[in-house]
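This report refers to the structure that appears directly beneath it.
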(Lines of atoms letter the chains of each structure in order from A; the text may use other names.)
(Lines give C-alpha, C1' and ligand atoms only; values in the text may rest on other atoms or scores of the structure.)
Protein backbone atom coordinates (compact mmCIF):
# COMPACT_ATOMS: atom_id res chain seq x y z
CA UNK A 211 0.00 0.00 0.00
CA UNK A 212 0.88 3.66 -0.38
CA UNK A 213 0.78 5.76 2.81
CA UNK A 214 -2.47 7.49 1.87
CA UNK A 215 -4.15 4.12 1.35
CA UNK A 216 -3.50 3.08 4.94
CA UNK A 217 -3.44 6.11 7.21
CA UNK A 218 -6.85 6.77 8.79
CA UNK A 219 -8.25 3.40 7.77
CA UNK A 220 -9.57 0.83 10.26
CA UNK A 221 -7.16 -1.96 11.20
CA UNK A 222 -9.73 -4.56 10.14
CA UNK A 223 -8.98 -3.76 6.49
CA UNK A 224 -5.42 -4.97 6.78
CA UNK A 225 -5.45 -8.02 9.05
CA UNK A 226 -7.14 -11.41 9.13
CA UNK A 227 -10.21 -11.90 11.30
CA UNK A 228 -8.16 -13.97 13.74
CA UNK A 229 -5.55 -11.24 14.13
CA UNK A 230 -8.26 -8.62 14.59
CA UNK A 231 -9.68 -10.60 17.52
CA UNK A 232 -6.18 -10.80 19.00
CA UNK A 233 -5.85 -7.03 18.76
CA UNK A 234 -9.14 -6.61 20.63
CA UNK A 235 -8.19 -9.07 23.37
CA UNK A 236 -4.81 -7.39 23.87
CA UNK A 237 -6.38 -3.97 24.24
CA UNK A 238 -8.75 -5.30 26.90
CA UNK A 239 -6.26 -7.36 28.91
CA UNK A 240 -3.18 -5.17 28.93
CA UNK A 241 -2.61 -2.47 31.50
CA UNK A 242 -1.06 0.84 30.62
CA UNK A 243 2.62 0.49 29.81
CA UNK A 244 2.57 -3.31 29.65
CA UNK A 245 4.04 -5.03 26.61
CA UNK A 246 3.15 -8.34 24.99
CA UNK A 247 4.90 -10.39 22.32
CA UNK A 248 2.68 -11.04 19.37
CA UNK A 249 2.34 -12.69 16.00
CA UNK A 250 -0.01 -11.09 13.51
CA UNK A 251 -1.12 -11.96 10.01
CA UNK A 252 -1.66 -8.92 7.80
CA UNK A 253 -3.17 -8.97 4.34
CA UNK A 254 -1.22 -7.28 1.56
CA UNK A 255 -2.94 -5.29 -1.16
CA UNK A 256 -2.37 -8.25 -3.45
CA UNK A 257 -4.26 -10.48 -1.02
CA UNK A 258 -1.16 -12.36 0.05
CA UNK A 259 -0.73 -12.97 3.81
CA UNK A 260 2.10 -11.10 5.52
CA UNK A 261 3.36 -12.61 8.79
CA UNK A 262 4.80 -10.26 11.40
CA UNK A 263 6.09 -10.66 14.92
CA UNK A 264 7.08 -8.13 17.58
CA UNK A 265 5.56 -6.57 20.65
CA UNK A 266 2.60 -4.37 21.45
CA UNK A 267 2.18 -1.75 24.16
CA UNK A 268 -1.02 -0.16 25.46
CA UNK A 269 -0.85 3.61 26.03
CA UNK A 270 -3.48 5.44 28.07
CA UNK A 271 -4.52 8.99 28.73
CA UNK A 272 -6.60 9.92 31.80
CA UNK A 273 -7.15 6.27 32.58
CA UNK A 274 -8.45 5.42 29.13
CA UNK A 275 -6.77 3.53 26.32
CA UNK A 276 -5.54 6.10 23.84
CA UNK A 277 -3.52 3.97 21.45
CA UNK A 278 -1.82 0.66 20.84
CA UNK A 279 1.78 1.01 19.80
CA UNK A 280 3.35 -1.98 18.08
CA UNK A 281 6.79 -2.73 16.67
CA UNK A 282 6.71 -5.52 14.10
CA UNK A 283 9.15 -7.41 11.91
CA UNK A 284 8.19 -9.08 8.65
CA UNK A 285 8.82 -12.83 9.06
CA UNK A 286 6.87 -14.01 6.01
CA UNK A 287 9.91 -15.64 4.40
CA UNK A 288 10.73 -17.51 7.64
CA UNK A 289 7.13 -18.71 8.04
CA UNK A 290 6.98 -19.90 4.45
CA UNK A 291 10.33 -21.66 4.84
CA UNK A 292 9.04 -23.49 7.93
CA UNK A 293 5.84 -24.47 6.15
CA UNK A 294 7.82 -25.78 3.18
CA UNK A 295 10.08 -27.66 5.58
CA UNK A 296 7.08 -29.28 7.27
CA UNK A 297 5.65 -30.21 3.87
CA UNK A 298 8.98 -31.73 2.80
CA UNK A 299 9.29 -33.65 6.06
CA UNK A 300 5.77 -35.00 5.61
CA UNK A 301 6.55 -36.06 2.05
CA UNK A 302 9.82 -37.66 3.18
CA UNK A 303 8.03 -39.59 5.93
CA UNK A 304 5.42 -40.80 3.45
CA UNK A 305 8.10 -41.87 0.96
CA UNK A 306 10.05 -43.68 3.69
CA UNK A 307 6.91 -45.49 4.82
CA UNK A 308 6.20 -46.69 1.27
CA UNK A 309 9.81 -47.84 0.73
CA UNK A 310 10.16 -49.17 4.29
CA UNK A 311 13.34 -47.11 4.68
CA UNK A 312 14.07 -45.13 7.84
CA UNK A 313 16.86 -42.64 8.47
CA UNK A 314 18.89 -41.84 11.56
CA UNK A 315 21.67 -39.58 12.82
CA UNK A 316 23.99 -40.16 15.76
CA UNK A 317 25.67 -37.11 17.30
CA UNK A 318 28.94 -38.55 18.57
CA UNK A 319 29.74 -35.45 20.63
CA UNK A 320 26.79 -35.91 23.00
CA UNK A 321 25.80 -39.50 22.06
CA UNK A 322 22.33 -38.36 20.98
CA UNK A 323 20.52 -40.52 18.44
CA UNK A 324 17.77 -39.17 16.19
CA UNK A 325 15.41 -41.39 14.20
CA UNK A 326 12.83 -40.70 11.52
CA UNK A 327 9.25 -41.84 12.01
CA UNK A 328 9.79 -44.85 9.76
CA UNK A 329 12.88 -45.93 11.73
CA UNK A 330 10.76 -46.07 14.89
CA UNK A 331 8.18 -48.13 13.01
CA UNK A 332 10.79 -50.56 11.65
CA UNK A 333 12.31 -51.12 15.08
CA UNK A 334 8.84 -51.18 16.70
CA UNK A 335 9.87 -48.61 19.29
CA UNK A 336 7.81 -45.93 21.00
CA UNK A 337 9.70 -42.61 20.70
CA UNK A 338 8.68 -41.66 24.23
CA UNK A 339 10.17 -44.87 25.64
CA UNK A 340 13.37 -44.93 23.58
CA UNK A 341 16.64 -43.92 25.24
CA UNK A 342 17.86 -42.26 22.01
CA UNK A 343 21.48 -43.41 22.39
CA UNK A 344 23.80 -45.87 20.66
CA UNK A 345 23.52 -48.27 23.60
CA UNK A 346 19.72 -48.15 23.43
CA UNK A 347 19.93 -48.98 19.72
CA UNK A 348 22.11 -52.04 20.37
CA UNK A 349 19.63 -53.32 22.94
CA UNK A 350 16.93 -53.54 20.27
CA UNK A 351 19.01 -55.70 17.92
CA UNK A 352 18.68 -59.48 18.02
CA UNK A 353 21.08 -60.74 20.75
CA UNK A 354 22.90 -63.00 18.27
CA UNK A 355 23.62 -60.06 15.94
CA UNK A 356 24.65 -57.34 18.41
CA UNK A 357 28.37 -58.07 18.38
CA UNK A 358 28.38 -58.20 14.58
CA UNK A 359 26.62 -54.83 14.26
CA UNK A 360 28.77 -53.19 16.94
CA UNK A 361 31.95 -54.49 15.29
CA UNK A 362 30.87 -53.21 11.88
CA UNK A 363 30.22 -49.73 13.30
CA UNK A 364 33.37 -49.48 15.41
CA UNK A 365 35.48 -50.69 12.47
CA UNK A 366 33.94 -48.01 10.27
CA UNK A 367 35.05 -45.38 12.80
CA UNK A 368 38.60 -46.77 12.71
CA UNK A 369 38.81 -47.06 8.93
CA UNK A 370 36.70 -43.95 8.24
CA UNK A 371 34.81 -45.97 5.63
CA UNK A 372 31.03 -46.39 5.16
CA UNK A 373 29.54 -49.81 5.77
CA UNK A 374 26.45 -51.85 4.98
CA UNK A 375 25.18 -54.74 7.08
CA UNK A 376 22.12 -56.94 7.44
CA UNK A 377 20.93 -57.89 10.91
CA UNK A 378 17.83 -59.06 12.72
CA UNK A 379 15.44 -57.43 15.17
CA UNK A 380 13.36 -59.49 17.54
CA UNK A 381 10.11 -57.79 18.50
CA UNK A 382 8.50 -58.21 21.89
CA UNK A 383 6.03 -60.74 20.46
CA UNK A 384 8.92 -62.84 19.10
CA UNK A 385 8.57 -61.77 15.48
CA UNK A 386 11.87 -61.56 13.60
CA UNK A 387 12.49 -58.67 11.20
CA UNK A 388 15.47 -58.35 8.87
CA UNK A 389 17.02 -54.90 8.46
CA UNK A 390 19.69 -53.63 6.10
CA UNK A 391 21.70 -50.79 7.63
CA UNK A 392 23.98 -48.35 5.80
CA UNK A 393 26.10 -45.78 7.59
CA UNK A 394 28.59 -43.00 6.90
CA UNK A 395 30.49 -41.03 9.54
CA UNK A 396 31.79 -37.47 9.26
CA UNK A 397 35.04 -36.39 10.94
CA UNK A 398 36.66 -33.07 11.85
CA UNK A 399 40.01 -31.95 10.43
CA UNK A 400 41.82 -33.77 13.25
CA UNK A 401 40.09 -37.05 12.43
CA UNK A 402 37.70 -37.04 15.37
CA UNK A 403 34.24 -38.45 14.56
CA UNK A 404 31.47 -35.86 14.76
CA UNK A 405 28.33 -37.60 13.56
CA UNK A 406 27.13 -40.71 11.82
CA UNK A 407 24.17 -40.74 9.46
CA UNK A 408 22.51 -43.78 8.00
CA UNK A 409 19.49 -45.60 6.73
CA UNK A 410 17.68 -48.73 7.83
CA UNK A 411 15.49 -50.70 5.44
CA UNK A 412 13.06 -53.46 6.31
CA UNK A 413 14.05 -56.28 3.91
CA UNK A 414 12.11 -59.04 5.67
CA UNK A 415 9.94 -59.81 2.63
CA UNK A 416 13.04 -60.08 0.44
CA UNK A 417 14.88 -62.38 2.88
CA UNK A 418 11.86 -64.64 3.36
CA UNK A 419 11.36 -64.86 -0.41
CA UNK A 420 15.03 -65.81 -0.88
CA UNK A 421 14.74 -68.42 1.85
CA UNK A 422 11.70 -69.92 0.13
CA UNK A 423 13.56 -70.06 -3.19
CA UNK A 424 16.57 -71.75 -1.60
CA UNK A 425 14.34 -74.24 0.21
CA UNK A 426 12.48 -74.96 -3.04
CA UNK A 427 15.74 -75.47 -4.92
CA UNK A 428 17.02 -77.81 -2.23
CA UNK A 429 13.83 -79.87 -2.38
CA UNK A 430 14.00 -79.94 -6.17
CA UNK A 431 17.64 -81.08 -6.14
CA UNK A 432 16.81 -83.82 -3.65
CA UNK A 433 13.94 -84.95 -5.86
CA UNK A 434 16.19 -84.99 -8.92
CA UNK A 435 18.80 -87.01 -7.07
CA UNK A 436 16.19 -89.45 -5.82
CA UNK A 437 14.84 -89.90 -9.34
CA UNK A 438 18.40 -90.21 -10.70
CA UNK A 439 17.59 -87.44 -13.24
CA UNK A 440 19.66 -84.51 -14.47
CA UNK A 441 18.49 -81.13 -15.75
CA UNK A 442 19.76 -78.61 -18.23
CA UNK A 443 18.14 -75.26 -18.96
CA UNK A 444 18.88 -73.04 -21.96
CA UNK A 445 18.06 -69.30 -21.75
CA UNK A 446 17.62 -68.47 -25.45
CA UNK A 447 17.29 -64.72 -24.88
CA UNK A 448 20.66 -64.36 -23.15
CA UNK A 449 22.20 -67.55 -24.61
CA UNK A 450 23.04 -69.00 -21.20
CA UNK A 451 22.86 -72.61 -20.12
CA UNK A 452 22.42 -74.19 -16.72
CA UNK A 453 23.50 -77.77 -15.98
CA UNK A 454 22.34 -79.22 -12.69
CA UNK A 455 25.05 -80.84 -10.52
CA UNK A 456 23.29 -84.21 -11.00
CA UNK A 457 23.39 -83.79 -14.78
CA UNK A 458 27.16 -83.25 -14.63
CA UNK A 459 27.79 -86.12 -12.26
CA UNK A 460 25.80 -88.48 -14.52
CA UNK A 461 28.41 -87.75 -17.19
CA UNK A 462 31.28 -88.22 -14.75
CA UNK A 463 32.11 -84.53 -14.21
CA UNK A 464 32.43 -82.53 -11.00
CA UNK A 465 30.25 -79.42 -10.67
CA UNK A 466 33.17 -77.05 -11.39
CA UNK A 467 34.51 -78.94 -14.40
CA UNK A 468 31.93 -77.88 -16.99
CA UNK A 469 31.15 -74.39 -18.27
CA UNK A 470 27.51 -73.49 -18.61
CA UNK A 471 27.62 -72.83 -22.38
CA UNK A 472 25.81 -74.23 -25.37
CA UNK A 473 29.10 -75.30 -26.94
CA UNK A 474 29.72 -77.46 -23.86
CA UNK A 475 26.43 -79.24 -24.46
CA UNK A 476 27.25 -79.76 -28.14
CA UNK A 477 30.76 -81.05 -27.38
CA UNK A 478 29.34 -83.67 -25.02
CA UNK A 479 27.06 -85.11 -27.67
CA UNK A 480 28.16 -88.23 -29.49
CA UNK A 481 29.48 -87.20 -32.95
CA UNK A 482 26.95 -89.43 -34.69
CA UNK A 483 24.09 -87.56 -32.94
CA UNK A 484 25.18 -83.99 -33.82
CA UNK A 485 23.26 -83.77 -37.10
CA UNK A 486 20.10 -85.35 -35.70
CA UNK A 487 20.05 -83.13 -32.59
CA UNK A 488 20.66 -80.00 -34.64
CA UNK A 489 17.75 -80.88 -36.92
CA UNK A 490 15.45 -81.48 -33.92
CA UNK A 491 16.36 -78.11 -32.37
CA UNK A 492 15.93 -76.26 -35.65
CA UNK A 493 12.54 -77.79 -36.25
CA UNK A 494 11.40 -76.96 -32.72
CA UNK A 495 12.78 -73.40 -32.54
CA UNK A 496 12.28 -72.20 -36.10
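In the numbering used here, the protein residues as written are 211 to 496. Glycine included, every Cβ here is placed at the ideal spot set by N, Cα and C. Here the structure is a predicted model, which means the values were calculated and not measured.
- DSSP, read as helix, strand or coil, puts residue 264 in strand.
- In the DSSP assignment, residue 280 falls within the beta strand (DSSP E) that extends over 274-284.
- By the neighbour-count definition (other C-beta atoms within 10 Å, threshold 16), residue 391 is a buried residue.
- Contact between residue 297 and residue 261 is ruled out by a C-beta separation of about 16 angstroms, above the 8 angstroms threshold.
- Per the Cβ contact rule, the segment 436-452 is in contact with the segment 464-475 (3 or more Cβ pairs under 8 angstroms).
- Distance from the Cα of residue 289 is smallest, within the candidate group 249, 405, 223, for 249.
- The three-state reading of DSSP puts residue 389 in strand, counting E and B together.
- Between the alpha carbons of residue 259 and residue 367 lies a distance of about 49 angstroms.
- Residue pairing from DSSP places residue 412 in a beta bridge opposite 389.
- Put simply, of 408, 264, 224 the residue whose alpha carbon is nearest the alpha carbon of residue 281 is 264.
- Counting the other Cβ atoms within 10 Å of the Cβ of residue 338 gives fewer than 16, which makes it exposed.
- Counting along the chain, the unbroken beta strand (DSSP E) around residue 376 starts and ends at 373-380.
- Counting every other CB atom within 10 Å of its CB across the protein chains shown gives residue 211 a total below 16, marking it as exposed.
- Under the DSSP assignment, residue 324 falls in the beta strand (DSSP E) whose first and last residues are 322-325.
- Under DSSP, residue 353 shares a beta bridge with no residue.
- In the three-state reduction of the DSSP assignment, residue 211 falls in the coil class.
- Counting along the chain, the unbroken beta strand (DSSP E) around residue 453 starts and ends at 450-453.
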